[in-house]
Amino acid sequence: MIDDPRSYQTFLRERREAICERIAAAARRAGREPGEVEAIAVSKTVGADAVLLAIRAGWGLFGENRPQELGRKLEALQGVPEAAGVRFDMIGNLQKNKINQVIGRVRLIHSISSAHLAEAVSTRCEARGIVADVLVETNVSGERSKSGLSPDELRSEIEGILELPGIRVGGLMTMAPAGDPDAARRTFSGLRELASELRGRTGLALPTLSCGMSDDFEVAVEEGSTLVRLGRCVFDQGYNLD
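Note that full-length UniProt numbering has the sequence shown beginning at 1, numbered continuously upward.
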């Protein structure tokens, strides 16, 4: 439970305003419109009570990385008038045996990390007569600790993934190395350039680039991100945004 909900909601509102100002400034530095960038409040480490306060503070899009926790949040918010229209994205690694807990319940799956996972999601969606909007996770930095297709693997697999029924690929997602601003910038610019290359090959718009988190979202926006995934800087009162 949150000790002082009113005070925490005030913090969430003020922090959201500060984040939005920083996103807008980063977009303008890159010659972009601030409205081109959407922020996701990553709620994986907080409870449904904090999510509800965040909704009241102005957030309308949340990200979860575990299907079970996604289900708990959706159940807790069901029937809450303020939560009507609120959306969740699946941003974490998705195991094949958890696919049915996610499809049809989220706006977007960010973490299609292999052709085999794309095929599995496609099969489950086909069986249920639905189409899932997805992003292909790409390991631009080449770190072994990161999941996703390498750029070369994506170049080889993209046409096959795009042909799968039951899924609709809207763009790419990546994660940057932690604690290295220069490497983060190279990763984000690499994702932008890869998306541009794939647009030329496939003829698809691929408009969505999901990259940038609490420590590097401004750099991500400068390099073309359209979706930033923000957890600590949204919910943690001890996080220094400066």
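Think of the CB as a built atom: it goes at the ideal place given N, C-alpha and C, for glycine as much as any other residue.
Residue environment analysis places M173 among the buried positions, since at least 16 neighbouring C-beta atoms fall within 10 angstroms of its C-beta.
In this structure the region 106 to 115 does not lie against the region 77 to 85, because fewer than three pairs of beta carbons, one per stretch, are closer than 8 Å.
Here the alpha carbons of L135 and E193 stand approximately 16 Å from one another. In terms of CA proximity to L52, K73 leads the group T226, R105, K73.
Counting along the chain, the unbroken beta strand (DSSP E) around D133 starts and ends at 132 to 137. Ranking F188, F235, R201, D3 by CA distance to the CA of G224 puts F188 first. If you look at T187, you'll find it isn't in any beta strand (DSSP E); it sits in the alpha helix (DSSP H) that goes 181 to 202.
An exposed status is given to M1, since fewer than 16 other beta-carbon atoms sit within 10 Å of its beta-carbon. DSSP places R168 in the strand class (E or B) of the three-state scheme. G203 and E137 have their C-alpha atoms roughly 19 Å apart.
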